[in-house]
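Residue numbers (our numbering): 1020 to 1517.
No residue lacks a Cβ here, since even glycine has one placed at the ideal position from N, Cα and C.
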Amino acid sequence: VVWMSVVGIILVAAAFGAWCYIKSGWIPAEWVNFVAEFLDEIGIASDFVVASSVNDSYEVLETLDIDITEFTTALQDAWKVFAVVMTIVVVILIIVAIVIAKKINIAIALIEQASKVMLRLPGLIILPFVTVLVIIAFSGWMVFLLLMITSLEDFTVDTVLQTFEFEQYFDCNGTDTTNVTNVINEAACYTIDFVSDYGETPLELCMVIYHLFMYLWTVQFIHAVMICIVAGAICDWYWTRPSGPDEVKGGDGEWGDPICKSCCRTFRFHLGSMLFGAMIVAIVQIIRWVMAYIDKHTKSWQDKSKCLKCMFKVVHCCLCCFERCIKFISKNAYIMVAMEGHPFCDSCCHSMKLMIRNIIQFAVLNVFSQVIVMLGKIFIIAVVTGLAYAWLTYAFTGIVSTIVFPTILTGLLGWFTSIAFLHVYDLAMATILLCFCEDLEVHKNGLEREVLMNKKLQRLALKNVAHPRVMTKEEVAKEIEIEKHGRELKPVKPDEQV
């Protein structure tokens, strides 16, 4: 699929370039007609080739009183410019494909690894559906709370002060500031006096904004937990030694359930990192919501000032791009948290360093992963819709008034299913890529650690490394024994004491 996509892009660009050459007149019409006649002789329709010659009719231009000669000359000059540009583009695409051929082969091997882990861990497909159900239930609860907030009447700052009766907890009639407790008391009194000046200020809008922020934060937290669980299970698969008679990962039957182990690790150790990363994304999202609210209520000003209207468009575009960048960085940070167990900020820095050192590999895999995800969605929707139509048309024996609605409904269900499955597949590719980059960095630095990438990746990525570290069977057995029973503690000799 990857190399087919590369060749397809080059062929499309070359075909458009040939079209530009024909329209510009650099390829004579006689050559085009000769090719058309040859295609007719071998039984291939060639009307499109003949129509692409420069001898087109200009009856419409004559009715508009336009000089046909000048128009034809200008049009051919434009097509010549397009032809030159497309020639340069095709040459650049071919050179880039040749230069990054190794990176493309590594991307293919990584995609194969992601496919293997999806076959090895089919339970990962269930996690997006569980996440959606949790978000739907939480959204229903938050909508109920929002209705309760909007139903409040005359909710102001004075209402809060009178409800909590702060005066009974603090003595604001003058205190001795030499005591620490009295200093805190005085500060509280000053705060109450300051807030009392805004006693008539309504708080409904503030509560709605706070409610929206908490909703966005929680949704991002749920999504982050799902990413961490998926990444943790895939990291377990990658960093497990091949074993068993077929030398596959987890082939000895003692691998356990990596999904359950990843869930336990995530809920026991990583919830703080997930909350922090989700808060950063939620802050950016709430800023976008606030800017959208301001944009909506300043339409009259924007109609008077084109500069102000353009400024809001630029701000929305920048915030959208910034949110996408934050989500991408956070996703990689969650993967590193699941892989190494470090805090969010350390994992974020580590993942960014890996991405910068392997920027071409990241770019190649991200591009082709998006192509695979798009083709996968189209394939799943087409297959599901086609099967539903065929079953209702030829195999269903009941009475159906129309097959349009059930076919469309089946297509929508296939669309949701494809999103869930391919989202996990995309996470698998991203996780495998970070694991591979971490494995590669270790051996490039000459550290003595076992190579856990498969043989194909070793041939592609480690052929310039002198001696990639591969543990012997005796060392593997010893490490497994240590993992089961722990390391043996030996007494320190007197001359070894510090």
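Item	Value
Contacts around Ser1342, its chain only, beta-carbon distance under 6 Å, and the 5 residues preceding and following it disregarded	The question names Ser, but residue 1342 is Glu in the sequence shown. Val1303.
Sequence-distant residues of the same chain with beta carbon closer than 8 Å to Lys1346, five excluded per side	Val1300
Residue range of the unbroken alpha helix (DSSP H) whose run includes Phe1163	1145-1169
Closest by C-alpha distance to Trp1236, when choosing among Ser1170, Met1298, Leu1224	Met1298
Simplified DSSP state of Thr1175, which is helix, strand or coil	strand
Neighbour-count burial assignment, Asp1173, 16 or more Cβ in a 10 Å radius	exposed
Residues sharing a beta bridge with Pro1221, DSSP	Thr1175
Proximity of Tyr1234 and Met1161 at Cβ, strictly below 8 Å	yes
Per-residue burial, Trp1256 [other beta carbons within 10 Å of its own, 16 or more giving buried]	buried
Between the CA atoms of Trp1434 and Phe1440 - distance to the nearest angstrom	10 Å
Closest by C-alpha distance to Lys1350, when choosing among Ala1409, Leu1428, Ala1449	Ala1449
CB of Trp1045 within 8 Å of CB of Ala1097, strictly	no
Option in Pro1147, Ile1130, Lys1121, Ile1154 with minimal Cα separation from Val1390	Ile1130
Extent of the continuous alpha helix (DSSP H) to which Pro1362 belongs	Pro1362 -> no alpha helix (DSSP H), and no H or E assigned at all.
Distance CB(Ile1168)-CB(Val1109) smaller than 8 Å	no
Nearest-angstrom beta carbon gap, Val1383 and Lys1135 [assumed within contact, 8 Å]	No, Lys1135 and Val1383 are not in contact; Cβ-Cβ is about 20 Å, not under 8 Å.
Neighbour flag for Asp1096 against chain B, beta carbons, 8 Å	Absent here is chain B; the protein component of the structure consists of one chain.
Residue interval of the alpha helix (DSSP H) (run including Pro1047)	No alpha helix (DSSP H) contains Pro1047, which DSSP labels as neither H nor E.
Limits of the alpha helix (DSSP H) - the one that Phe1295 falls within	1290-1315
Beta carbon of Ala1243 nearer than 8 Å to that of Met1293	yes
Ser1370 in three-state terms, based on DSSP	helix
From Phe1286, Asp1322, Cys1336, Leu1290, residue whose alpha carbon lies closest to that of Met1310	Cys1336
Contacting residues, own chain, Cβ-Cβ under 7 Å from Leu1406 (five flanking each side not counted)	none
Limits of the alpha helix (DSSP H) - the one that Phe1415 falls within	Phe1415 -> no alpha helix (DSSP H), and no H or E assigned at all.
Rounded separation between Ala1133 and Ser1043 - CA only	47 Å
Leu1146 versus Leu1453 - alpha carbon distance	21 Å
Buried versus exposed, by CB contacts within 10 Å (16 or more), Val1333	exposed
Helix, strand or coil at Val1026 according to DSSP, with G and I counted as helix	helix
C-alpha gap between Leu1459 and Gly1296, whole angstroms	27 Å
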